[in-house]
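Read the structure below first, then the notes.
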Amino acid sequence: SEVYNKQLDEYRKLFKIRNRAHPSPNLMVKENLIEVPFWIWREGDQRRKIFILREKEGNYLYNDSYGKIFLI
Numbered sequence: 001s002e003v004y005n006k007q008l009d010e011y012r013k014l015f016k017i018r019n020r021a022h023p024s025p026n027l028m029v030k031e032n033l034i035e036v037p038f039w040i041w042r043e044g045d046q047r048r049k050i051f052i053l054r055e056k057e058g059n060y061l062y063n064d065s066y067g068k069i070f071l072i
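See below:
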């Protein structure tokens with residue numbers, strides 16, 4: 001996410017874009033959660049963010065609504 005966010009910041013600077021949500025928002029990094037530039041959804045539901053959850057036993061794809069999706 002660090003590289004992704006840096007590239008977004010450089011793109012915004014190059015094109016003088018002040019809106020932090022354009023062309024897309026930076027990815028979140030918080031404690032043991034790292035947002036990835038992918039989404040998860042079910043038919044009839046809204047798109048949701050997906051994260052890498054880092055735990056002692058391994059790394060998981062994780063979503064706030066669905067919990068641990070699978071070990072990676």
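In this text, residue positions in the sequence shown follow UniProt numbering: the first is 1, and each later residue adds one.
For glycine and all other residues, C-beta sits at the position ideal for the given N, C-alpha and C.
(1) Decide if L71 is buried, meaning its Cβ has at least 16 other Cβ atoms within 10 Å, or exposed.
(2) Look up L8 in the DSSP assignment and say whether it is helix, strand or coil.
(3) For Y66, count the other beta carbons within 10 Å of its own beta carbon; 16 or more makes it buried, fewer makes it exposed. Which is it?
(4) In the DSSP assignment, find the unbroken beta strand (DSSP E) run with W39 in it and report its ends.
(5) Starting from I50, follow the beta strand (DSSP E) in both directions and report where the run begins and ends.
(6) For L27, which three-state DSSP category applies?
According to the structure shown:
(1) Of the residues assessed, L71 falls on the exposed side of the cut-off, its CB having fewer than 16 other CB atoms within 10 angstroms.
(2) If DSSP states are grouped into helix, strand and coil, L8 belongs with the helices.
(3) So Y66 counts as exposed.
(4) Start and end: L33 to I40.
(5) That run of the beta strand (DSSP E) goes R48 to E55.
(6) Looking at L27 - three-state DSSP - the assignment turns out to be coil, as it is neither helix nor strand.
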